[in-house]
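So this is what it looks like as structure tokens:
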């Protein structure tokens, strides 16, 4: 069955929270409880217990999740970025190179794609959060999608 076109992103009760740094689960949960009743709140951790720098929060209802999604958040003094969590089955459903543009709440201007595993990373990451590959110095800084018409800056000395 074909995908439902490029319509608006389906609201979801589950949100991805990026940029948490080292944070206690209780601190994480407490922050999000102010937006509504939680089903789950978890900081994703490595086997050694260290935070992987992101987590997921699941609300009991869409309204709470949407209210939370549209707010700005600071956890332990750090600004964190929220994205709607995509159900696993829909992760790979993007069209060819560049994926579905616009309206996805997906890539921001300086997010970058890992050369090793093609994971899309937040702009502030220096290593891929999937395979730990170093960020390439020329990681595509996806701006407005222009600059592919022979305006190449690749040959120009930078600085």
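Numbering (our numbering), first residue to last: 32 to 190.
Glycine included, C-beta positions come from ideal geometry on N, C-alpha and C.
Please read all numbers here as calculations on a predicted model, not as lab measurements.
Neighbourhood of residue 86 by C-beta, 6 Å cutoff - its chain only, sequence neighbours within 5 removed = Spatial neighbours of residue 86 in its own chain (CB-CB distance under 6 Å, excluding positions within 5 residues in sequence) are listed in chain order as 48, 51, 59, 73, 74, 75.
message = Please tell me whether residue 54 and residue 107 are closer than 8 Å, where the distance is taken between their beta carbons.
response = Yes, Cβ-Cβ distance for residue 54 and residue 107 is below 8 Å.
key: CB of residue 68 within 8 Å of CB of residue 91, strictly   = Closer than 8 Å, so yes.
message = Please list the terminal residues of the continuous beta strand (DSSP E) segment that includes residue 87.
response = That run of the beta strand (DSSP E) goes 82-90.
key: Residue interval of the alpha helix (DSSP H) (run including residue 59)   = Run containing residue 59: 56-64, per the alpha helix (DSSP H) assignment.
ask   = The beta strand (DSSP E) with residue 70 in it runs from where to where?
value = Segment 69-76, the beta strand (DSSP E) holding residue 70.
inquiry  = Please state the DSSP three-state secondary structure of residue 97.
reply    = Under the three-state reduction of DSSP, residue 97 is assigned to helix.
C-beta atoms of residue 141 and residue 150 nearer than 8 Å = No, the Cβ-Cβ distance between residue 141 and residue 150 is not below 8 Å.
task = Return the CA-CA distance between residue 143 and residue 168, expressed in angstroms with no decimal places.
result = Looking at the two C-alpha atoms, the distance is approximately 10 Å.
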